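Numbering (mature numbering (1 follows the signal peptide of the UniProt record, and there is no 0)) for the sequence shown: -32 to -1, 1 to 1137. Data first, discussion second: the structure below is written as structure tokens.
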Amino acid sequence: MAESPPRWARAFGASLLTASLLLPLTQSTAAAAIPPGDYQQVQLASGAAKLGEPMSLTVLPDRSVVHTARDGTVRVTNAAGNTTTVAGKLDVYTHDEEGLQGVAADPAFPTNRWLYLYYSPRLSTPDGDAPTEGTEATFAPWRGELHLSRFTLKADNTLDLASEKIVLRVPNDRGQCCHVGGDLDFDAQGNLYLTTGDDTNPFVSDGYTPTDQRADRNPQFDAQRSSGNTNDLRGKVLRIKPQADGTYTVPAGNLFAPGTARTRPEIYAMGFRNPFRMSVDKATGIVYLGDYGPDAGVTSPTRGPSGQVEFNRITRPGNFGWPYCTGTNTTDETYVRHTFPSGPSGARYECGTGVNNTSPRNTGLTTLPAAQPAWIRYAGDAGSPPEFGGGSESPMGGPVYRYDPALNSATKFPQSLDGRYFAGEYGRQWIKAIGVGADGSPGPIEAFPWSGTQVMNMQFGPDGSLYVLDYGTGGGNQAIYRIDYKGNAPRDPVARAAADRTSGPVPLTVRFSSAGSTDPEGGALSYRWTFGDGGTSTEANPTHTYTAAGNYSPTLTVTDPQGLTGTAGVLVTAGNTAPTVTLQAPGDGALFAFGDTVPFQVSVSDPEDGAIDCSRVKVTYLLGHDSHRHQITQATGCGGQITVPVDGEHDDAANIYGVFDAEYTDRAGLTSHAVSVLQPRHRQAEHHTAQQGVEPANHGGAEGGRTIGFTDNGDWISFQPYRLGNARSVTARVSSGGPGGTIEVRAGSATGTLLGTLTVPNTGSWDTFADVSANLANAPTGTTALFFVFKGVTGQGNLLDLDAFTFTTGAAGPPGPEVLVFSKTAGFRHDAIPAGTRAIRDLGSANGFTVTATEDAAAFTTANLAKYAAVVFLNTTGDVLDAAQQTAFQSYVDGGGGYVGVHAAADTEYDWAYYGRLVGAYFHSHPHIQQATVRSEDQSHPATAHLPATWSRTDEWYNFRTNPRATSKVLANVDESGYTGGTMAGDHPISWCRTQASGRSFYTGLGHTVESYADPVFRTHLLGGIRYAAGLVQADCRPQGQPSQRVEGEAYTSSAGVQIASHGTAGGGQTVGYIDDGDWAGYGQTTASGKTRFTARVSSGNAGGRIEIRAGSQTGTLLGSVAVTGTGGFDRFADVSTTLAGTASGPVFLVFTGTGAGGLFDVDHFTLS
């Protein structure tokens, strides 16, 4: 990047700016940094066999840890680090994020041994996804509930499932993702707190607030029914007092007093999205929690703020704003009322005074309590406290430390940390100790020593040590850690235990290893193994044979010269072999696009099970976002396919990807997984896995506002895993205000196999972006690492910036055609344009054509257009081409090029008659967005071959100024009887094609809504039209029949004297009026060629007059005339008609004659037949 400061200066300046913006957050004087060397992180348990998919933990008085897995398993790991017990397994529903969540021990656990668990019981919920549209009866099978239940943990640490007392039921909706919440904690008075999520799908609201109130929409797209509902338990912090008989009472001081109409008294705080982790400071009763936020990358004036997340400090009952506002609830942090799916938008919500929840699904109070601000909010426009660093936003509410001088523990945290709040960050992988000022404001934020990965849950134990549940990053590195304060005391030795086999038939011989065991002080270790069957060994790496079937917990104890010990263990199952699961397809690193239907194939072998029952094989699709993953949908079977939903929550800046997880549990209960990560064909360069020499650079014109820049010769970025065997070409979005250079695409390493080279010129500036492409060859067939290596003049620096790249896949062969997507607007701008552009890119990647997207009309030159097989006008509006560009485009199409018009492409280029013929019909008007039935007329065309005879969908249904049937082949029409606002007299084409000289034209009136581009049926419709226009497939697009042609009077393209008049009784509510003698109206979109009769619907409150029908101009050939008499008022209409004769060449002109003043008559519409 030329004219940029040096790298160190840029980084220093940015840090100063960030710090200055956030100074009010940390006004307290910073304390001394926490010395990392004073703490020791002890691993108590690790791996899938001991933790599963870890969700929550609670530490018992004897320092044992009870921890939950989402599949319903409850485990106990003792203080020595032995996970010897699977306490029990609940039968849970696990679609999306549901399953077993939080766990808490009763305050009187030493005497009653009660545990509280929050989970989703299986019930009779259908498998698979709930429908997104339908009626109440459609959604009823997916109504469910979560249970807060009390169980007894027996003395042998097994869960007495028969002891269950269902304390609280939380009704919910199932079959759609996301947000369960589910954390539990007690205060000092024995009140139990439970967090609940908003139970709302965030993926089709563009990263803003999901408040979709459409009557036929699944309720799970409206968070007003949950978080914003005072009579619903979701999106809340609940506070109850459990009773000995398994019931509960409501303590005084909650948000709503018992008996308050349309409220739930259990609610302590409301207005949360996904308050996933929470704790109660028992010394003060203050609740601390982390609330996840939405993912919008930019602030939108029509939708609301960019995404941010919160740490909340709840000192009193209240409303915290979601789904109406976020952060500190300022005007800029408040959402805008929005009509789904695509607008219009209205005023902002009234968070400061109390929002009116007008959702038809709201069963609570209409006026909500005023919103309270977040304690700490970060990301979005507000930025983050500098101590938080960068990365994804995933706040994990942790505990407050309280120093107990009377506690006899050598590992308790020091008094200097008394009152500190320990916050976790799952994605950024840190723990921070945050001070609290006397007024409750955030104080110093200090890094706490942590060498794990993704913080899932934290709790201080009875020993004053911090216990941390680590979700892991895949590959079996989930773990439980205990962090001890050691000060100057010697550190305990670290034990590591492993085994070459952990399951198999008896006799089972296992080779154990102590590799990785160390003494921090460097002393020699002694070893002692106990194998769980009575056998022992003092060897470092012994071998042991199990002769009896059973589950064993061999344990290694290492001792240092000072007598300090460390322990570690493994789990061994003798008499049963864990299944071997192979995910044959999709392969790890396979390329895909959101919206694809992805086939899967799983093979399973298990010696004991023999023949595999494929109904026991479960395949889960998860949406990966940075370092966390959302379970989206599931399928069962050894083979099949999953349609990957189009993502509508994250913007172009988001690091998103797909994950397929295949799972099989054998008949003896052992489970194995196989996982493949899928890479999107279109990816941002800044989401690299590794790099050398480069830095991110901010540019407003970049996708997501950021590129990889500061490139010098030999610098590189890499991504993994990738499978590139079917990648045929790559297109990179680049800019350069410097010398430019090349980008080498390599596999394996920066010097690995060269697959192709991209040439990057100087594009004019660092903010001027261009697409460059290269064919690929020699790609390995298996999984590899992808490298982009930057080349140029050595030492020059700032060669080029790389914004994003897109792979085109398919069979090897010559390069595929190129398609230009043009979306310039000079009028209304559709917010579906980005979704449409992404969809067409995805279609190109999957179907062998390259897509270039632009809003720059300068692309319309003869030389440039010659590169493209088709040009897509995607929701263009207004006059977007100048005369020279029009001439170039007309020559391109007439010479054999292809045109595709999508939706508002009919609302374009009114000043150019050629375009009117090309598109087939101009836009006239539309009613509100609603559901209607599309009827297929021609199922031989690739755009409609997949459609059923009728297709129900929701869109904005355009009325057109003319019926295109006379000049185009109509492919589909919309049934006007099934919705309101259609004005085309029952013959309402909605998609058509035609030939234009040597070129091809396809138009679809569909595609107003963002959701359209996530609909596989619509995407196939669009693909067929592009393929036809590009000449990849042939179709008969000759007009079929010459129907009557109805034209709205007010739809003139030229005129003299007349004006548009409004009349409620007119078709479409308007006429051409204010007509005096000699006035005229021209209709450039209409010809009388082949027509023999003219009929007009007219009105007159005066003397009337005469209509002359002329061809070519207002003085052109007279084809006929008809008298108009008074009808008794301008709102009373009558039909007049006449025959036509003569040669009709050119557009139709109506010339009006008569005597009198004040308007002769009005014309509603006319028909040529």
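Just so you know, even glycine gets a beta-carbon here, dropped at the ideal spot from N, CA and C. The structure displayed is predicted, hence computed values, not measured ones.
Work out the CA separation of residue j and residue i for me, nearest whole Å.
| i | j | result |
| --- | --- | --- |
| residue 1122 | residue 799 | 48 Å |
| residue 39 | residue 22 | 9 Å |
| residue 624 | residue 1131 | 56 Å |
| residue 1137 | residue 1028 | 25 Å |
| residue 1127 | residue 1016 | 19 Å |
| residue 1001 | residue 923 | 27 Å |
| residue 295 | residue 151 | 21 Å |
| residue 202 | residue 246 | 15 Å |
| residue 830 | residue 860 | 7 Å |
| residue 267 | residue 870 | 27 Å |
| residue 546 | residue 577 | 10 Å |
| residue 945 | residue 954 | 8 Å |
| residue 476 | residue 60 | 33 Å |
| residue 107 | residue 184 | 10 Å |
| residue 486 | residue 9 | 13 Å |
| residue 47 | residue 531 | 18 Å |
| residue 1129 | residue 1024 | 15 Å |
| residue 579 | residue 603 | 20 Å |
| residue 721 | residue 260 | 42 Å |
By alpha-carbon positions, which one of the options ends up nearest to residue i?
| i | options | result |
| --- | --- | --- |
| residue 957 | 1017, 891, 965, 548 | 891 |
| residue 590 | 583, 683, 568, 600 | 600 |
| residue 1089 | 930, 1119, 776 | 1119 |
| residue 837 | 1080, 1052, 853, 817 | 817 |
| residue 307 | 1104, 467, 173 | 173 |
| residue 75 | 30, 36, 4, 155 | 155 |
| residue 966 | 634, 865, 24, 581 | 865 |
| residue 648 | 635, 941, 814 | 814 |
| residue 257 | 251, 904, 237 | 237 |
| residue 566 | 484, 309, 825, 588 | 588 |
| residue 1054 | 504, 1077, 1068, 1037 | 1077 |
Using beta-carbon positions only, say whether residue i and residue j come within less than 8 Å of one another.
| i | j | result |
| --- | --- | --- |
| residue 426 | residue 390 | yes |
| residue 555 | residue 774 | no |
| residue 738 | residue 727 | no |
| residue 208 | residue 224 | no |
| residue 206 | residue 162 | yes |
| residue 290 | residue 244 | no |
| residue 539 | residue 51 | yes |
| residue 1092 | residue 1065 | no |
| residue 347 | residue 276 | yes |
| residue 525 | residue 535 | yes |
| residue 950 | residue 927 | yes |
So residue i and residue j are in contact, right, with Cβ under 8 Å, and what is the actual spacing, rounded?
| i | j | result |
| --- | --- | --- |
| residue 119 | residue 132 | 6 Å |
| residue 791 | residue 843 | 6 Å |
| residue 626 | residue 560 | 6 Å |
| residue 489 | residue 450 | That belief does not hold up - the Cβ atoms of residue 489 and residue 450 are roughly 19 Å apart, past 8 Å. |
| residue 596 | residue 395 | 6 Å |
Excluding the 5 residues preceding and the 5 following residue i in the sequence, name in chain order all residues of the same chain whose CB lies nearer than 6 Å to its CB.
| i | result |
| --- | --- |
| residue -8 | Confidence in residue -8 is poor, its pLDDT being 31 and thus under 50, which makes the residue's placement unreliable; the coordinate value appears in the next sentence. Result list for residue -8: 353, 410, in chain order. |
| residue 778 | 696, 816 |
| residue 755 | 684, 686, 714, 718 |
| residue 100 | 186 |
| residue 1003 | 909, 996 |
| residue 1124 | 1070, 1071 |
| residue 109 | 94 |
| residue -17 | With a pLDDT of only 27 at residue -17, under the threshold of 50, the placement of this residue in the model should not be trusted; the figure read from the coordinates follows. No residues qualify anywhere along the chain. |
Looking only at its chain, what residues have a beta carbon closer than 7 Å to the beta carbon of residue i, apart from the 5 residues adjacent to it on each side?
| i | result |
| --- | --- |
| residue 193 | 187, 200, 327, 329, 330 |
| residue 960 | 888, 932, 936, 937, 938, 939, 971 |
Tell me which residues share the same chain as residue i and place their Cβ nearer than 8 Å to its Cβ, disregarding the 5 neighbours each side in the sequence.
| i | result |
| --- | --- |
| residue 385 | 2, 369, 371, 401 |
| residue 659 | 676, 683, 684, 685, 686 |
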